[in-house]
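Have a look at the structure below before the remarks.
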Amino acid sequence: MLRHRETAGDWLARLAAVVLLASGLSCVFRSLFHRFNLAAELTNSFLPLGTIESRRIAALLIGLLLVYESFHLWRRKKTAWYVAVLVLSAGAALHLYHHHFPTASVLLLALLAALRKHFSVRTEPKSILYGLLGAAGIIGFALGLGVLGFELLDKRDFGIDFGLQQALICTVRQFAWLGNPDLSPATRYARWFLDALTALGMVSAWLAAVSLFRPVAFRCLALPRERALARRILDTYGCGSYDYFKVSDDKSFFFTASKKTFVAYRTISGVALALGDPVGPQEEIEHALAGFVDFCRKNDWTVAFLMPERLELYEKLRLSLIKTGEEAIIDLDKFVGETSKKKYFRYVERKFSQEGYSVIQHLPPHSETIFSELKSVWEEWLSIPHRREYGFCQGRFDRGAVASAPIFALRDAEGRLIAFVTQVPSYRPGEGNFDLMRRRPGTHWGAMDYLFLCMLRSLHDQGFRTFNLGMAPFKGLAHAEQAALAEKVLSQAARRLPWLAQFAGLEQYKQKFEPRWEPRYFAYSGSSTKLPRVGLAVFRAM
């Protein structure tokens, strides 16, 4: 099954959320506009109280709680189901105590009980615990502060000499927003004191409510055996340019039941960001993709895929697609036979050859001397303004990763290392790939071009047919008439925002190699309103 199909039970679950919303709104409107009297019965409320003012405040608070709860019930959150059952059960019991049969509550409880299995979206357990502990701490602090404050207040503030029991009762009522109509603050300090207790009650209620429904915060806890299994699957079924980065240390893994297919992903702020397509047998790819999307839905995560290739599968899952740029693929036959012989590359080759520069390929394992040289270049490169290392779909300078990678090194006439490029595997047949490209500050502007010129020739001689020169972000976003509005907005942002405009130079740099450009996309769940949140997650992952 490619996507989560809405069943009759799912629609009934949403009906329960709508009924709960209607009950909450009824409580809110009745508390605001209904004229209470001693004989009035709050028939639509789940918490009848004894006094007129308490009834009004309680109806408002319970109504707001039910409205807030209904939205999470609509999203089929398991915690929302428990809270709804608890509130409705308590309200029904109080109705019975006051000799009213709670018809609406009983019917809704019966519906929720029958649909329990449909509320499967999980909530972060640690956030619930920490939030409730924080709320309890605030409550304890407020109660202590309130009791102590009432005890220490002068008689002129309220005209009352408070005892311990009366101080505790007044604190609880003020903290619970029930108010103390029998108290008449006579001073500015007394009014401020009551407002402070009310504010503390609001803060604790907000903290508890938010903590109850936070999405699961998954930490990257991939076990060594899971990473080893992912590597074995990758060696057998890998077929993408970025598959090498799917088993890096910043990834978690979602495996199918057969343990033959996996999705590499990372969670950031409630967004599950996956790199490319699932890896595994072709017959399992669709099933793995649907299973991962359902897994994210149950954890209340927004799911996103960076640079997927099998776009038709994501469209079947009703995920939104947005173009993010284009990738430069060099035809090595064309480059060696034509492009490298053009005026610019002839000039670069002549200049660096005459000055005694050379490009050497160092194969692993590397000596300590080589690693020290590489680290020196890397550290100097980081000192260049606006330079930093990226992650997720790129590697970082790490001793373990560098130790296993072939290195193409540019050395001057004295043998000093000037720049280097690390070669990494591409799982596309016949394609060369690279990861890090680093140079010393002050190096001639053509140094990296000369290094790539020599490296591409060497790879061509080794039998590679193409070379992946990487992405040019935001290239070609708004050129097509059918470009989506989000793509056009992203294109304008890339031109106007300095921290995005810096990527424009990548297209200019890569164009000299005369590559063919292949479009790359981004798939995500939900509407375009989630794009800022998803975009922030991508930025934090990189």
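Following this note's numbering from start to finish, the sequence shown increments by one per residue and tops out at 1230. Ideal Cβ positions, reconstructed from N, Cα and C, are used throughout, including at glycine.
{"Query": "Range of the contiguous beta strand (DSSP E) that encloses P1207", "Result": "R1204 to Y1212"}
{"Query": "For M1159, the residue or residues it bridges with in DSSP", "Result": "E1015"}
{"Query": "DSSP state of R1233 mapped onto helix, strand, coil", "Result": "This structure cannot speak to residue 1233, because the chain is shown only from 689 to 1230."}
{"Query": "Sequence-distant residues of its chain with Cβ nearer than 6 Å to G1164 (five each side left out)", "Result": "E1014"}
{"Query": "Supposed contact pair D1123 and T1110 - C-beta distance, whole angstroms, cut 8 Å", "Result": "5 Å"}
{"Query": "Whole-number beta carbon distance between L1147 and L1020, since they are thought to touch under 8 Å", "Result": "7 Å"}
{"Query": "Residues sharing a beta bridge with G1120, DSSP", "Result": "F1155"}
{"Query": "For S1046, the three-state DSSP class (helix, strand or coil)", "Result": "strand"}
{"Query": "Own chain, CB closer than 6 Å to S1233, minus 5 neighbours either side, in chain order", "Result": "Outside the displayed span of the chain (689 to 1230) sits residue 1233, for which this structure offers no information."}
{"Query": "Distance, G1120 Cα to I1018 Cα", "Result": "9 Å"}
{"Query": "The alpha helix (DSSP H) enclosing S1146, as first and last residue numbers", "Result": "A1135 to D1149"}
{"Query": "Three-state class that DSSP yields for V1112 in the structure shown", "Result": "coil"}
{"Query": "Contact set for A728: own chain, Cβ-Cβ below 7 Å, skip 5 residues either direction", "Result": "Because the pLDDT at A728 is just 41, under 50, the model does not fix this residue reliably, and the value given afterwards should be weighed accordingly. Excluding residues within five positions, none has a Cβ falling inside 7 Å."}
{"Query": "DSSP three-state assignment for A768, whether helix, strand or coil", "Result": "helix"}
{"Query": "Distance CB(A772)-CB(L761) smaller than 7 Å", "Result": "yes"}
{"Query": "Three-way DSSP call (helix, strand, coil) for I956 in this model", "Result": "strand"}
{"Query": "Sheet register partners of R1099 (DSSP bridge)", "Result": "S1046 and L1105"}
{"Query": "C-alpha distance - E1003 paired with Y1115, whole-angstrom precision", "Result": "25 Å"}
{"Query": "Cβ-Cβ distance between L882 and A1211 below 7 Å", "Result": "no"}
{"Query": "Sequence-distant residues of the same chain with beta carbon closer than 8 Å to V755, five excluded per side", "Result": "L709, G712, L713 and V716"}
{"Query": "Reference L917; option with closest CA among G928, C927, F942 and Y930", "Result": "F942"}
{"Query": "Reduced DSSP category for L1194 - H, G, I as helix; E, B as strand; rest coil", "Result": "helix"}
{"Query": "Per-residue burial, R1075 [other beta carbons within 10 Å of its own, 16 or more giving buried]", "Result": "exposed"}
{"Query": "Classification of T1154 by the beta-carbon crowding that lies within 10 angstroms, buried from 16 upward", "Result": "buried"}
{"Query": "Residues of its chain near W1066, where Cβ-Cβ distance is below 6 Å and the 5 sequence neighbours each way are ignored", "Result": "F1085 and R1126"}
{"Query": "The beta strand (DSSP E) enclosing A992, as first and last residue numbers", "Result": "T990 to L994"}
{"Query": "Cβ contact check for the stretch 925-944 and the stretch 973-980: 3 or more pairs under 8 Å", "Result": "yes"}
{"Query": "Validate contact between the stretch 829-842 and the stretch 869-888 using beta carbons, cut 8 Å, 3 pairs", "Result": "yes"}
{"Query": "Opening and closing residue of the alpha helix (DSSP H) in which F846 lies", "Result": "K843 to F846"}
{"Query": "Simplified DSSP assignment, three categories, for S777", "Result": "helix"}
{"Query": "C-beta contact flag for A884 and L799 at 7 Å", "Result": "no"}
{"Query": "Distance, L994 Cα to D937 Cα", "Result": "17 Å"}
{"Query": "F980 versus V951: straight-line alpha-carbon distance, rounded", "Result": "7 Å"}
{"Query": "Backbone secondary structure at F1059 - three-state DSSP", "Result": "helix"}
{"Query": "Supposed close pair L999, F1080 - CB separation, criterion 8 Å", "Result": "Not really, about 20 Å apart at Cβ, beyond 8 Å."}
{"Query": "Residue interval of the alpha helix (DSSP H) (run including S793)", "Result": "T791 to A802"}
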